[in-house]
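Participant: Okay, handing you the structure first.
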Amino acid sequence: MTRPPSPGPPSPGASSAGPGLLARAALALYPPSWRVRYGDEVRALLEDSGGGLAAVASLAWRALPAWFWPPRHLHDRPARMRASLGTALMFWSMLTGLGLVFAQLTQFQGLDVPGHPEVRWAYAVFDVTLAVSVLVAGLGGLPLWLLMLRRAWRERRRRDTVYLLLPVIAPVTYLAALVVTVRQVGGTNGISPWWFGVVTLAGFAAAMAVAATAIVVAVVGLCLWARSFAGYHHGTVPGIYLALVVAAATVTTASAARGARAALHTGA
Amino acid sequence: MTDRLDRWADPPLLVLASLADEPKHGYAITQDVAQTMGVRLSAGTLYAVIARLEARGLIEPLESDDRRRPYRITAAGAEALAMQSERMSKVASVARERLSARLGWSGA
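These protein sequence lines are chains H and D, in that order. Quick note: the first sequence uses my numbering, first residue 2, plus one each step. Quick note: the second sequence uses my numbering, first residue -13, plus one each step.
As structure tokens, this is what we get:
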């Protein structure tokens, strides 16, 4: 590599004060390997250009894809595996949550609704996609998770170990709380729709806390929206639901495949 | 100079075009793109693009003692830029031809 004769025009806006607090906070949102590689350059650019709210907002927004699609040339294998596992867990959690909503929406109408064969199809596709997603998450996500857990444990990284155990701790805590709650509030006909809503929302919250905080808002919104259609016996809701399930299963599959590829990649 | 379609601009292409003549650092790229192509690249967009282009071997960083590390286009990057420029040139030619025909018709 050689030094360039002229890297560009001087930087009239350059200052020694450095980027503001917001800019540094936005930069802190990026993965560590990204910050090590590009952090100084971005800080210099913000100093030169004067920063501004728009620049900070853009910087913060672009941090998300930096986590989900870590640049390969940084050879950050753990980041790529983390991104893959996070994506798979997020969509698998979404899939499971949608399963609960689907069961609530269709439990009173049975499999055969006159004039609506799509309901039976909805059940069939739901079963297949759920089975495939469980298989994919098991085959693709579990080995990655175990690999990362083993490394964190051996390297005595306690915080990372706790984070990695959250997918176990959170569901177990949730299910234990669910069992206690159902026993306390359940009658001969099971729990009321209100309590069903409560435990479903709690389940969403627990699952999403493991996967990604950002998705919580969207899923809670979906749950509230779906409950407003309770008792609706036509095919529209299952149809929309199916599209979401297929999309979630597809993303889970792609993410698990990417994670497996990252696990096999040794870097340069 | 910006226009209503500048958000459709292809940032990787703009960065490659900016680096086509000589190496530049981040700030110089944003200035060049704004002045010559009329598109403002934010810091987030620019470094997302730089990371992507670097990962694909289309640009490469140069050594620098300064934090403002310059980048230069690689042979693969120049080839990709040439191909895309040729394609865009054809699109521009067709667009101009058809617009002039349409404007000539509607202006009658």
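For each residue, glycine too, the CB sits at the ideal point set by N, CA and C. As the structure is a prediction and not an experimental result, all values here were calculated from the model.
(1) Kindly list the residues whose CB is nearer than 8 Å to the CB of residue 29 of chain H, restricted to its own chain and excluding five residues on each side of it in sequence; keep chain order.
(2) So which residues of chain H does residue 30 of chain D contact, with C-beta pairs closer than 9 Å?
(3) Could you give the residue range of the alpha helix (DSSP H) that holds residue 38 of chain H?
(4) Looking at the unbroken alpha helix (DSSP H) that takes in residue 54 of chain D, where does it start and where does it end?
(5) Rounded to whole angstroms, what's the CA-CA distance from residue 170 of chain H to residue 176 of chain H? Just pull it up for me.
(6) What residue from D:76, D:29 and D:4 has the CA that sits closest to residue 22 of chain D's CA?
(7) Which residues, in order along the segment 8 to 24 of chain D, keep a beta-carbon less than 9 Å from a beta-carbon of chain H?
(8) Please report how far the alpha carbon of residue 81 of chain D lies from the alpha carbon of residue 32 of chain H, in whole angstroms.
(9) Is the beta carbon of residue 59 of chain H closer than 9 Å to that of residue 30 of chain D?
(10) Taking contact to mean 3 or more Cβ pairs, one atom from each stretch, closer than 8 Å, check whether the segment 61 to 69 of chain H and the segment 59 to 79 of chain D are in contact.
(11) Considering only heavy atoms of the ligand MG, does any lie closer than 8 Å to the CB of residue 22 of chain D?
(12) Can a CB atom of chain D be found closer than 9 Å to the CB of residue 161 of chain H?
(13) Here's the rule I'm using: 16 or more other beta-carbon atoms within 10 Å means buried, otherwise exposed. How should residue 22 of chain H be labelled?
(14) Mapping DSSP to helix, strand and coil, what is residue 83 of chain D?
(15) At what residues does the beta strand (DSSP E) containing residue 46 of chain D begin and finish?
(16) Within 10 angstroms of its Cβ, does residue 156 of chain H collect 16 or more other Cβ (buried), or is it exposed?
(17) For residue 88 of chain D, write down the residues that DSSP places opposite it in a beta bridge.
(18) Buried or exposed: which applies to residue 66 of chain D, given that a residue is buried once 16 or more other Cβ atoms fall within 10 Å of its Cβ?
(19) Counting only beta-carbon separations shorter than 9 Å, does residue 226 of chain H have a partner in chain D?
(20) On the premise that residue 42 of chain D lies in contact with residue 9 of chain D, defined as a C-beta separation below 8 Å, what is that separation, rounded to the nearest angstrom?
(21) Return the first residue and the last residue of the alpha helix (DSSP H) that residue 22 of chain H is part of.
(22) Answer with yes or no whether the minimum CB distance from residue 68 of chain H to chain D is below 9 Å.
(23) Just the chain D side, please: which residues come within less than 8 Å of residue 47 of chain H by C-beta, in chain order?
(24) Listing by chain order, which chain H residues have their CB less than 7 Å from the CB of residue 41 of chain D?
(25) Between H:44, H:159 and H:196, which has its C-alpha nearest residue 27 of chain H's C-alpha?
(26) Name the chain H residues whose beta carbon is nearer than 7 Å to that of residue 62 of chain D?
(27) Could you check the C-alpha separation between residue 167 of chain H and residue 153 of chain H for me, to the nearest Å?
(28) Under a CB-based cut-off of 9 Å, is residue 215 of chain H close to chain D?
(29) Looking at the secondary structure, which residues open and close the alpha helix (DSSP H) in which residue 68 of chain H lies?
(30) With C-beta atoms as the reference, is residue 41 of chain H less than 9 Å away from residue 38 of chain D?
(31) Identify every residue that forms a DSSP beta bridge with residue 10 of chain D.
(32) Taking residue 34 of chain H as the reference, which of H:75, H:70 and H:25 has the closest Cα?
(33) Between D:27, D:47 and D:20, which lies nearest to residue 55 of chain H when the distance is taken from Cα to Cα?
(34) Near residue 20 of chain D, what residues of its chain come up, given a Cβ to Cβ distance below 6 Å and the 5 sequence neighbours on each side ignored?
(35) What does a CB cutoff of less than 7 Å around residue 56 of chain D pick up in its chain, not counting 5 residues either side in sequence?
(36) For residue 34 of chain D, return the contacting residues in chain H, with the cut-off set at a CB-CB distance below 8 Å.
Facilitator: The relevant details are as follows:
(1) Counting only Cβ-Cβ distances below 8 Å, and skipping sequence neighbours, we find 36.
(2) Neighbours of residue 30 of chain D on chain H, chain order: 27, 43, 56, 57, 58, 59, 60, 61, 62, 63 and 64.
(3) 33 to 50 is the extent of the alpha helix (DSSP H) around residue 38 of chain H.
(4) No alpha helix (DSSP H) contains residue 54 of chain D, which DSSP labels as neither H nor E.
(5) In this structure, the CA atom of residue 170 of chain H is about 10 Å from the CA atom of residue 176 of chain H.
(6) Of the candidates D:76, D:29 and D:4, the one whose C-alpha sits nearest the C-alpha of residue 22 of chain D is D:4.
(7) Answer in chain order: 8, 9, 10, 11, 12, 13, 14, 15, 16, 17 and 18.
(8) The straight-line gap separating the alpha-carbon atoms of residue 81 of chain D and residue 32 of chain H is approximately 43 Å.
(9) One thing to note: residue 30 of chain D has its Cβ within 9 Å of the Cβ of residue 59 of chain H.
(10) With contact defined as three or more Cβ pairs closer than 8 Å, the segment 61 to 69 of chain H and the segment 59 to 79 of chain D are not in contact.
(11) The model depicted lacks the ligand MG and carries no ligand whatsoever.
(12) So no, residue 161 of chain H is outside the interface.
(13) An exposed status is given to residue 22 of chain H, since fewer than 16 other beta-carbon atoms sit within 10 Å of its beta-carbon.
(14) It is helical.
(15) Note, residue 46 of chain D: beta strand (DSSP E), 45 to 47.
(16) Exposed, since its Cβ has fewer than 16 Cβ neighbours within 10 Å.
(17) DSSP lists no beta-bridge partner residue for residue 88 of chain D.
(18) With 16 or more other Cβ atoms within 10 Å, it is buried.
(19) Confidence is the limiting factor: at residue 226 of chain H the pLDDT is only 45, short of 50, which leaves the residue's position unreliable and the question unanswerable from this model.
(20) That belief does not hold up - the Cβ atoms of residue 9 of chain D and residue 42 of chain D are roughly 18 Å apart, past 8 Å.
(21) Residue 22 of chain H -> alpha helix (DSSP H) spans 22 to 29.
(22) No, because no Cβ of chain D sits closer than 9 Å to the Cβ of residue 68 of chain H.
(23) Under the 8 Å cutoff, chain D gives 29.
(24) Contact annotation for residue 41 of chain D against chain H: 72, 73 and 74 [CB-CB distance below 7 Å, chain order].
(25) The residue with the shortest Cα to Cα distance from residue 27 of chain H is H:44.
(26) Contact annotation for residue 62 of chain D against chain H: no contact, minimum CB-CB distance about 14 Å [criterion: below 7 Å].
(27) The alpha-carbon of residue 167 of chain H is positioned some 14 Å away from that of residue 153 of chain H.
(28) For residue 215 of chain H, the predicted structure reports a pLDDT of 35, less than 50, and the residue's modelled location is therefore unreliable. A value from the coordinates is still provided. Not an interface residue.
(29) Residues 54 to 69.
(30) In this structure, residue 38 of chain D does not lie closer than 9 Å to residue 41 of chain H by Cβ.
(31) DSSP lists D:57 as partners of residue 10 of chain D.
(32) Of all alpha-carbon atoms in H:75, H:70 and H:25, the one lying nearest the alpha-carbon of residue 34 of chain H is that of H:75.
(33) Checked all of D:27, D:47 and D:20; the closest Cα to residue 55 of chain H is D:27.
(34) Cβ contact annotation for residue 20 of chain D (same chain, cutoff 6 Å, sequence separation greater than five): 26, in chain order.
(35) Taking residue 56 of chain D as the centre and dropping the five residues before and after it, the same chain places the C-beta of 9, 10, 11, 48 and 50 closer than 7 Å to its C-beta, in chain order.
(36) By Cβ distance, chain H contributes 63, 66 and 67.
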